[in-house]
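Engineer: After the structure tokens below, expect a handful of questions from me.
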Amino acid sequence: MSEPESFRGTASLRRLESLSRAELEALILGKLQRQISRLWTNNPFYRERLEKAGATPEKIKSLDDFRKRVPLSAKADFLADQKAHPPFGRRLGVPREEVVLVNLTGGTSGQGQEVYGRTNADVATQGYLHTLPWFMTGLRPGQMAFNCVPTGGLTTGGWGPPEGFRMAGATAFHVGGVLSTEAKVELMLRFGEMHYIYASTNYIHTLSEAFRRAGIVPRERFPMMKSIFTVAEGFPMEWARGVEEFWGCRLHEGYGSTQGTGFVACTCEKGVVRNDRERGLMHMFEWINYAEIVNPETGEPAREGEEGEIILTNLDIEASPVLRFSTRDRARYFPWKACGCGRPWDTMEAGTIGRYDDMLKIRGNNVWPLAIDTAVFGHPEVAEYVGRVFVDAEGRTEVEVKLAYKPEVAAEGRPSLTARVRDAIKQRTNVAMQVIEVPREALPTFTYKARRWTDERQKGYGKG
Amino acid sequence: MSEFARDIETLRAMLKQAESLLARSDALMRGQYMHLVGRIRSTLAILETAEGAP
Numbered sequence: 345m346s347e348p349e350s351f352r353g354t355a356s357l358r359r360l361e362s363l364s365r366a367e368l369e370a371l372i373l374g375k376l377q378r379q380i381s382r383l384w385t386n387n388p389f390y391r392e393r394l395e396k397a398g399a400t401p402e403k404i405k406s407l408d409d410f411r412k413r414v415p416l417s418a419k420a421d422f423l424a425d426q427k428a429h430p431p432f433g434r435r436l437g438v439p440r441e442e443v444v445l446v447n448l449t450g451g452t453s454g455q456g457q458e459v460y461g462r463t464n465a466d467v468a469t470q471g472y473l474h475t476l477p478w479f480m481t482g483l484r485p486g487q488m489a490f491n492c493v494p495t496g497g498l499t500t501g502g503w504g505p506p507e508g509f510r511m512a513g514a515t516a517f518h519v520g521g522v523l524s525t526e527a528k529v530e531l532m533l534r535f536g537e538m539h540y541i542y543a544s545t546n547y548i549h550t551l552s553e554a555f556r557r558a559g560i561v562p563r564e565r566f567p568m569m570k571s572i573f574t575v576a577e578g579f580p581m582e583w584a585r586g587v588e589e590f591w592g593c594r595l596h597e598g599y600g601s602t603q604g605t606g607f608v609a610c611t612c613e614k615g616v617v618r619n620d621r622e623r624g625l626m627h628m629f630e631w632i633n634y635a636e637i638v639n640p641e642t643g644e645p646a647r648e649g650e651e652g653e654i655i656l657t658n659l660d661i662e663a664s665p666v667l668r669f670s671t672r673d674r675a676r677y678f679p680w681k682a683c684g685c686g687r688p689w690d691t692m693e694a695g696t697i698g699r700y701d702d703m704l705k706i707r708g709n710n711v712w713p714l715a716i717d718t719a720v721f722g723h724p725e726v727a728e729y730v731g732r733v734f735v736d737a738e739g740r741t742e743v744e745v746k747l748a749y750k751p752e753v754a755a756e757g758r759p760s761l762t763a764r765v766r767d768a769i770k771q772r773t774n775v776a777m778q779v780i781e782v783p784r785e786a787l788p789t790f791t792y793k794a795r796r797w798t799d800e801r802q803k804g805y806g807k808g
Numbered sequence: 032m033s034e035f036a037r038d039i040e041t042l043r044a045m046l047k048q049a050e051s052l053l054a055r056s057d058a059l060m061r062g063q064y065m066h067l068v069g070r071i072r073s074t075l076a077i078l079e080t081a082e083g084a085p
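Just so you know, the sequences run in chain order A and B. Our numbering puts the first sequence at residues 345 to 808. Our numbering puts the second sequence at residues 32 to 85.
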């Protein structure tokens with residue numbers, strides 16, 4: 345397997361790599377104090393919350409003070425702020441004329457979308473928070489990179505990568521969402537040289553299956569490959585090892601979000617398969633985004649190996665910053681020493697990021713089952729339904745909804761009704777799903793909490 | 032002098048010049064200079080942090 349150039353000793357990271365943990369925490373605290381002072385002065389949303397909590401800037405003298413005094417903020421708080429002060433809310437914090445990019449979180453309609461304004465400096469930071477993890481995982485100026493994540497639109501995921509690849513000096517192809525998989529394979533073969541791929545876990549699987557069907561082994565065809573960088577979805581270790589073997593390069597992972605304005609953490613040189621058998625660790629860029637991993641019941645920091653919720657604070661972002669934002673993302677925490685690379689940056693386990701709510705990430709869309717309930721049960725003829733997300737034989741993510749009608753619903757009307765339900769789901773979630781009618785007895789009866797959805801994708805990756 | 036001290040001095044001077052251009056700009060050039068100022072500010076933040084300054 346080819347190993348890309350290590351980023352160890354890169355001048356602008358050298359000092360950050362060699363700090364002691366205590367020195368890094370002092371740096372983080374300094375930036376936190378500066379950000380809190382800035383928010384106190386310029387951001388009426390946070391000023392009000394800090395005042396109510398008695399968390400004046402002078403009282404934040406340690407990271408412990410920060411955790412104990414500064415209240416959490418959540419999606420519901422942001423939505424309420426946006427409703428009371430449309431469209432950005434008072435948490436924008438900069439004059440509206442300084443906003444040059446608007447990002448919305450990828451929520452389904454009816455759930456509410458958080459609005460984030462970004463200044464020019466924020467857009468540059470957003471780019472850097474893509475360049476940095478890709479540089480750390482082997483991308484260098486002049487290399488050919490294929491971005492398989494759709495660009496543009498309203499999400500950070502659509503805008504950060506083009507900026508990030510440009511700032512990395514890479515020769516980038518933004519092929520996500522515009523070319524079929526077969527056309528992407530043709531393009532890669534036509535240009536002949538490929539060093540770096542950025543794609544979701546699901547898409548790496550789809551792309552690998554396409555190469556297999558074409559009878560092409562990428563590690564032989566593209567021996568210059570440095571890394572594949574994955575994002576968004578978990579994966580089994582066997583699958584990750586298979587990808588590395590098939591492509592002849594390391595598989596890396598990053599964790600990021602709109603709230604983080606890009607990537608918050610990524611694997612170091614060791615990748616997602618560490619020491620041949622252990623799960624990799626993603627180092628957090630704690631000097632740009634301070635990510636706490638806390639027990640959601642107690643609010644206490646997770647201990648080594650424990651799962652906790654990621655609570656996020658931007659240290660550099662000017663517009664619509666987050667301060668102790670409750671992401672509802674679930675991660676397993678490991679301190680910096682667990683990696684063995686020597687860098688003092690704390691970590692979260694690769695391949696196992698999950699959720700504390702029941703949100704599903706399907707083809708890049710955030711989908712809440714409640715939104716599908718609304719679409720389906722908006723048709724009173726429906727008695728019950730279940731849904732599953734799975735990977736088909738060709739490696740594509742598919743979604744199947746099985747529904748049953750009430751007995752009094754006339755048979756001849758059912759096919760067109762099924763089509764209307766399918767359209768309603770697509771309109772509400774932006775995800776096309778197969779909808780099939782089944783007999784009522786084929787579906788469960790939920791007596792307590794309805795758990796209608798199963799996600800079988802990880803089982804599907806294991807078949808490759 | 033620390034490793035990036037000279038770069039930081041240079042960027043701070045560039046920022047001052049870019050802000051001055053922005054202050055004097057017409058509506059057509061305003062976006063160009065806003066972009067420049069924002070990019071310099073972000074790069075300065077990266078290097079200042081690399082040097083250990085909050």
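Yeah, the Cβ is synthetic: ideal placement off N, Cα and C, and Gly gets one too.
#1: Would you grab the beta carbon distance between N709 (chain A) and V775 (chain A) for me? Rounded to a whole angstrom, and I think it's under 8 angstroms.
#2: Tell me the start and end of each unbroken beta strand (DSSP E) in the segment 431–486 of chain A that is at least 3 residues and wholly inside, in chain order.
#3: What residues in its chain sit with their C-beta under 7 angstroms from that of N464 (chain A), if we drop five residues either side in the sequence?
#4: Candidates A:V666, A:H627, A:R672: which alpha carbon is nearest T604 (chain A)'s?
#5: Need the endpoints of the alpha helix (DSSP H) that Y805 (chain A) sits in, please.
#6: According to DSSP, simplified to helix, strand and coil, what is H596 (chain A)?
#7: Helix, strand or coil for T34 (chain B) per DSSP?
#8: Buried or exposed: N619 (chain A), going by 16 or more other Cβ atoms within 10 Å of its Cβ?
#9: Output the distance between the C-alpha atoms of R411 (chain A) and V638 (chain A), rounded to the nearest integer angstrom.
#10: Against chain A, with Cβ distances strictly below 8 angstroms, would A44 (chain B) count as a contact?
#11: I need the straight-line Cα distance from T611 (chain A) to I716 (chain A), nearest angstrom please.
#12: DSSP has H627 (chain A) in a bridge; who is on the other side?
#13: Which bits of chain A does M65 (chain B) rub up against, with CB to CB less than 8 angstroms?
#14: Chain A partners of A81 (chain B), CB-CB under 9 angstroms?
#15: Should T452 (chain A) be labelled buried (16 or more other beta-carbon atoms within 10 Å of its own) or exposed?
#16: In angstroms, rounded to a whole number, what distance separates the CA positions of T798 (chain A) and S56 (chain B)?
#17: Do C593 (chain A) and M626 (chain A) have their C-beta atoms closer together than 8 angstroms?
#18: Please list, in chain order, all residues of the same chain as P562 (chain A) whose beta carbon is under 6 angstroms from its beta carbon, the five residues on each side excluded.
#19: Interface residues of chain B around T762 (chain A) at Cβ under 8 angstroms?
#20: Taking Cβ positions, are V575 (chain A) and E597 (chain A) nearer each other than 8 angstroms?
#21: Would A468 (chain A) pass as an interface residue toward chain B - the criterion being a Cβ-Cβ separation below 8 angstroms?
#22: Taking T691 (chain A) and A682 (chain A) to be in contact with their CB atoms under 8 angstroms, please state how far apart those CB atoms are, rounded to whole angstroms.
#23: Within 10 angstroms of its Cβ, does K375 (chain A) collect 16 or more other Cβ (buried), or is it exposed?
#24: Count the other C-beta atoms from every protein chain shown that fall within 10 angstroms of the C-beta of M488 (chain A), then say buried if there are 16 or more, exposed otherwise.
#25: Is Y460 (chain A) close to chain B, meaning its C-beta is less than 8 angstroms from at least one C-beta of that chain?
#26: Use the C-beta contact count for F535 (chain A): other C-beta atoms within 10 angstroms, 16 or more gives buried, fewer gives exposed.
#27: Counting only beta-carbon separations shorter than 8 angstroms, does R37 (chain B) have a partner in chain A?
#28: Return no unless some Cβ of chain B is closer than 8 angstroms to the Cβ of T452 (chain A).
#29: Assuming Y749 (chain A) and R758 (chain A) make a contact with CB atoms under 8 angstroms, what is their CB distance in whole Å?
#30: Could you round the C-beta distance between E725 (chain A) and V745 (chain A) to whole angstroms and report it? I think they count as a contact, below 8 angstroms.
#31: Classify K803 (chain A): buried if its beta carbon has 16 or more other beta carbons within 10 angstroms, exposed otherwise.
#32: Can you find a C-beta in chain B that's less than 8 angstroms from the C-beta of K375 (chain A)?
#33: I need the DSSP call for Y729 (chain A), collapsed to helix, strand or coil.
#34: Going straight from the alpha carbon of E653 (chain A) to that of E361 (chain A), what length do you get?
#35: Considering only DSSP beta bridges, list what N814 (chain A) is partnered with.
#36: If you draw a straight line from the alpha carbon of K528 (chain A) to that of A737 (chain A), how long is it in whole angstroms?
Structural biologist: Checking against the coordinates, here is how it stands:
#1: Within the first sequence, the letter at position 365 stands for residue 709 (chain A). Within the first sequence, the letter at position 431 stands for residue 775 (chain A). Rounded, the Cβ-Cβ distance is 5 angstroms, consistent with contact.
#2: Unbroken beta strand (DSSP E) runs of no fewer than 3 residues, entirely contained in the segment 431–486 of chain A, are found at 445–448, 459–462, following chain order.
#3: As a position in the first sequence, residue 464 (chain A) is number 120, starting the count at 1. Answer for N464 (chain A): V444, listed in chain order.
#4: In the first sequence, the residue the question calls residue 604 (chain A) occupies position 260. Contrary to the premise, residue 604 (chain A) reads as Gly rather than Thr in this sequence. Nearest C-alpha to G604 (chain A): A:V666.
#5: Working through the first sequence from its first residue, we reach residue 805 (chain A) at position 461. Y805 (chain A) -> alpha helix (DSSP H) spans 801–805.
#6: Numbered from its first residue, the first sequence carries residue 596 (chain A) at position 252. It is a strand residue.
#7: The residue labelled residue 34 (chain B) in the question sits at position 3 within the second sequence. First, the amino acid is wrong: residue 34 (chain B) is Glu here, not Thr. Of the three classes helix, strand and coil, the one that applies to E34 (chain B) here is coil, per DSSP.
#8: Here residue 619 (chain A) corresponds to residue number 275 of the first sequence, with the count starting at 1. Burial check for N619 (chain A): the Cβ neighbour count within 10 Å stays below 16, so the residue is exposed.
#9: Counting from 1 along the first sequence, the entry for residue 411 (chain A) is found at position 67. Counting from 1 along the first sequence, the entry for residue 638 (chain A) is found at position 294. Straight-line Cα distance between these residues: approximately 10 angstroms.
#10: In the second sequence, counting from the first residue as 1, residue 44 (chain B) sits at position 13. Cβ-Cβ to chain A under 8 angstroms: no for A44 (chain B).
#11: On the first sequence, position 267 is the one that residue 611 (chain A) refers to. On the first sequence, position 372 is the one that residue 716 (chain A) refers to. So the alpha carbons of these two residues sit roughly 35 angstroms apart.
#12: Along the first sequence, read from residue 1 onward, the residue named residue 627 (chain A) stands at position 283. In the DSSP output, where bridge partners are listed per residue, H627 (chain A) has A:C610, A:T691.
#13: The residue given as residue 65 (chain B) occupies position 34 in the second sequence. Within 8 angstroms Cβ-Cβ: E442, V444, N464.
#14: Here residue 81 (chain B) refers to the residue found at position 50 when the second sequence is read from its first residue. Ordered by position in chain A, the residues that pass the 9 angstroms Cβ test against A81 (chain B) are A355, S356, L357, R358, R359, L360, W631.
#15: Sequence index remark: in the first sequence, residue 452 (chain A) carries index 108 (1-based). Legend: pLDDT at T452 (chain A) = 48, less than 50; position of this residue unreliable, value from coordinates given subsequently. Classification of T452 (chain A): buried, given that the 10 Å Cβ count is 16 or more.
#16: Residue numbering aside, residue 798 (chain A) sits at position 454 when the first sequence is read from its first letter. Residue numbering aside, residue 56 (chain B) sits at position 25 when the second sequence is read from its first letter. Straight-line spacing of the CA atoms in T798 (chain A) and S56 (chain B) works out to 57 angstroms.
#17: Sequence index remark: in the first sequence, residue 593 (chain A) carries index 249 (1-based). Sequence index remark: in the first sequence, residue 626 (chain A) carries index 282 (1-based). No, the Cβ-Cβ distance between C593 (chain A) and M626 (chain A) is not below 8 angstroms.
#18: Translated into positions along the first sequence, residue 562 (chain A) becomes position 218. For P562 (chain A), where only same-chain residues beyond five positions count, the Cβ hits under 6 angstroms are F555, W591.
#19: As a first step, residue 762 (chain A) is located in the first sequence; it is residue number 418 there, counting from the start. Listed along chain B, no residue sits closer than 8 angstroms to T762 (chain A) by beta-carbon distance, the nearest being about 50 angstroms off.
#20: Position 231 of the first sequence holds residue 575 (chain A). Position 253 of the first sequence holds residue 597 (chain A). With contacts defined by Cβ atoms closer than 8 angstroms, V575 (chain A) and E597 (chain A) form a contacting pair.
#21: To locate residue 468 (chain A), count along the first sequence from 1; it is residue 124. Judged by the 8 angstroms Cβ criterion, A468 (chain A) is in contact with chain B.
#22: Residue 691 (chain A) sits at position 347 when you count from the first residue of the first sequence. Residue 682 (chain A) sits at position 338 when you count from the first residue of the first sequence. The Cβ separation is near 6 angstroms, so the contact holds.
#23: Stepping through the first sequence from its first residue, residue 375 (chain A) is reached at position 31. Under this definition K375 (chain A) is a buried residue.
#24: Start at 1 with the first residue of the first sequence, and residue 488 (chain A) comes out as number 144. The residue is buried, with at least 16 neighbouring Cβ atoms inside 10 Å.
#25: Start at 1 with the first residue of the first sequence, and residue 460 (chain A) comes out as number 116. It does not: the Cβ of Y460 (chain A) has no partner Cβ on chain B nearer than 8 angstroms.
#26: The sequence position of residue 535 (chain A) within the first sequence is 191, counting from 1. A residue is called buried once 16 or more other Cβ atoms fall within 10 Å of its Cβ, and F535 (chain A), having fewer, is exposed.
#27: Mapped onto the second sequence, residue 37 (chain B) falls at position 6. No, no contact with chain A.
#28: Here residue 452 (chain A) corresponds to residue number 108 of the first sequence, with the count starting at 1. Note that T452 (chain A) scores 48 on pLDDT, short of 50, meaning its location in the model is unreliable; the coordinates nonetheless yield the value given after this. The beta carbon of T452 (chain A) sits no closer than 8 angstroms to any beta carbon of chain B.
#29: For the purposes of this step, residue 749 (chain A) is identified with residue 405 of the first sequence, where counting begins at 1. For the purposes of this step, residue 758 (chain A) is identified with residue 414 of the first sequence, where counting begins at 1. Contact flag correct, Cβ pair sits at about 6 angstroms.
#30: Within the first sequence, numbered from 1, the residue matching residue 725 (chain A) stands at position 381. Within the first sequence, numbered from 1, the residue matching residue 745 (chain A) stands at position 401. Between V745 (chain A) and E725 (chain A) the Cβ distance is about 15 angstroms, and since that is not below 8 angstroms, they are no contact.
#31: As a working mapping, residue 803 (chain A) is identified with position 459 in the first sequence. With fewer than 16 other Cβ atoms within 10 Å, it is exposed.
#32: The sequence position of residue 375 (chain A) within the first sequence is 31, counting from 1. At least one CB atom of chain B sits nearer than 8 angstroms to the CB of K375 (chain A).
#33: For the purposes of this step, residue 729 (chain A) is identified with residue 385 of the first sequence, where counting begins at 1. Y729 (chain A): strand per DSSP, three-state reduction.
#34: On the first sequence, position 309 is the one that residue 653 (chain A) refers to. On the first sequence, position 17 is the one that residue 361 (chain A) refers to. E653 (chain A) and E361 (chain A): Cα-Cα distance of roughly 26 angstroms.
#35: With chain A covering only 345 through 808, there is no way to say anything about residue 814 (chain A).
#36: Locating residue 528 (chain A) in the first sequence gives position 184, counting from the first residue. Locating residue 737 (chain A) in the first sequence gives position 393, counting from the first residue. When rounded, the distance between both Cα atoms is 19 angstroms.
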